[in-house]
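**Student:**
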Amino acid sequence: MKTLVLQEPGHFILTDTDAPQSPAPGEALVRVVRVGICGTDLHAFEGTQPFFDYPRILGHELAVEIVAINGETPLSVGDICAVRPYMNCGECIACRQGKTNCCENLQVIGVHYDGGMREQIIVPLDKLHPTPGLPVEQVALVETLSIGAHAVRRAQLQTGEHTLVIGAGPIGLGVAQFARAAGAHVIVMDINPDRLAFCRDGLGFEHTIDARHSPEEQLRALCDGDLPTAVFDATGSSKSMHQAFMYVAHGGRLIFVGLFKGEISFSDPYFHSHEMTILSSRNATAADFEWVIEALTNGDVSLAGWITHQATPEELVTVFPGWLNPEAGVIKAMLTLESRVR
Ligand SMILES: [Zn+2]
Ligand SMILES: [Zn+2]
C-alpha cells in the first residue's frame, strides 16, 4: 500500500509497504481518508522537533473509514471516524484519574511511532470517534480543535467573561471558537494582520488586537477598563508566553496551550499580587473530542476557510517544503488519500 515516509529531515519518500494484518481483539482496521498537517509535522520535516526519530511515518490528525472490527463496539464497518491519537498506558496516576491526555507514558500516533500517512492502519476501538454526517475534511481537524476545546474546559470560563486568546494559528482559532461557544467575550491577539483579518471576516470575531500596537491599552478599552480574567496563549513562542503574564487581571488565570523548548520565568511578587492561576493544557480527552464533534455538527464552530492547501501522496513529496514558507499563507494543509468517501 502507498506509504509516505519521512526518511530524514527534509526528505519524504513515497513507497510501498505491507498492509496491516487483521485487527487483534479490541482493535479496528481502518482506511485513512484525510490527514491534517500541523506544526509537529512541519517541525519534524525541518528537523527541529525535540526527541524525534527517523525514519517516521507522520500523520496524527486523521479521518478514517472502518474496514474491519474485532470486538464489541457500537461502531460499524463503513463508519467515518476521527482518531484520538494519544496512546495512554491506562495504569499511571493520570490514567487512573481519567486524565488520559497527560499519561506518564503517552505515545502519540505519527509522532512517537508510525502514523497515518499510509492507506491503512490499525487503531484501538476506544480511540475511534464516529462523526455521522461531517465532511471528511472536518473530521481530520477534530483533533486540532480538541486541543482548543480541552484548554477551554480547563479554564472553566464564565458566561460573558473577558477572555483573551493570543495566537491566531489553528490551535488559537480553536480555543477562540470554543471560548465563544462557552459564552465568553473573546478577544483575539496576534502579530499577523492577515490572520486577524481572517478572525474578523472569516470567523466573526469582532474584537482583534495587533500585539505590536499598545496591546494593553487596546485590551483595557475592550474590557471596560480592566484586563481580561482569562488569558490563553496558543503561540508556542517564549516571548509571547512571557508577555502574556502582563495581560492577566488580578485574580485571573493564564492558560498555556502551546509550548516551547525552554523555561518560563516570572516575577514572584507580580504573580503573588495578582493571585494568578497558571494552567498548562496538553492534548485532549474523549470528552473533548465528543464536544468538538457535537459543535461541528450543530454549527457552533466553523472550519470554513481553514483548509488552504491539499495534496495527494504523489504531490505531497514535492509541495510539502513550500508549506513551511510563511508566504504560502497556510492555515491548514491536508493530505488526501481516498476520494471515494463523502
Ligand atoms: Zn497536530
Ligand atoms: Zn498512563
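Quick note on this note's numbering: the sequence shown kicks off at 3 and runs consecutively. C-beta: ideal position from N, C-alpha, C; glycine also. Predicted, not measured: the structure shown is a model, and the values here were computed from it.
Closest to A181 by C-alpha separation, out of I211, D196, I149, D192, would be which residue?
**Tutor:** For the residues I211, D196, I149, D192, the minimum Cα distance to A181 belongs to I149.
**Student:** Are there 16 or more other CB atoms within 10 angstroms of the CB of A170, so buried, or fewer, so exposed?
**Tutor:** Burial call: buried.
**Student:** Which partner residues does C83 have in the DSSP bridge list?
**Tutor:** C83 pairs with V66, P132.
**Student:** Who are the near neighbours of G135 in its chain, counting only those whose CB is closer than 7 Å to its CB and skipping five residues on each side?
**Tutor:** Counting only Cβ-Cβ distances below 7 Å, and skipping sequence neighbours, we find T299.
**Student:** Just tell me which of D196, I193, D290 has its CA closest to the CA of R155.
**Tutor:** Of the candidates D196, I193, D290, the one whose C-alpha sits nearest the C-alpha of R155 is D290.
**Student:** Whole angstroms are fine: how far does the CA of E219 sit from the CA of A213?
**Tutor:** Whole-angstrom Cα-Cα distance: 11 Å.
**Student:** For L302, which residues in the same chain have their Cβ closer than 6 Å to its Cβ, ignoring the five residues on either side in sequence?
**Tutor:** Strictly speaking, residue 302 in this sequence is Asp, with Leu absent from that position. Closer than 6 Å at the Cβ level, and outside the excluded window around D302, lie A183.
**Student:** Taking three-plus beta-carbon pairs below 8 Å as touching, is the segment 76-89 in contact with the segment 262-280?
**Tutor:** The segment 76-89, when compared against the segment 262-280, does not touch it at the 8 Å Cβ threshold.
**Student:** In angstroms, rounded to a whole number, what distance separates the CA positions of L108 and G227?
**Tutor:** Spanning the two alpha carbons is a distance of roughly 43 Å.
**Student:** Taking 7 Å as the cut-off, does the CB of A96 come closer than this to any heavy atom belonging to ligand 2?
**Tutor:** Yes, ligand 2 has a heavy atom inside 7 Å of this Cβ.
**Student:** Could you say which of A30, G260, V138, I39 lies nearest to K241 if we only look at CA atoms?
**Tutor:** Taking only the C-alpha atoms, the option nearest K241 is G260.
**Student:** Distance check for V138 and Q9, CA to CA, integer angstroms please.
**Tutor:** Straight-line Cα distance between these residues: approximately 28 Å.
**Student:** What do you reckon, is the C-beta of T42 under 7 Å from a heavy atom of ligand 1?
**Tutor:** Yes.
**Student:** Residue range of the beta strand (DSSP E) that Q9 falls in?
**Tutor:** 4-10 is the extent of the beta strand (DSSP E) around Q9.
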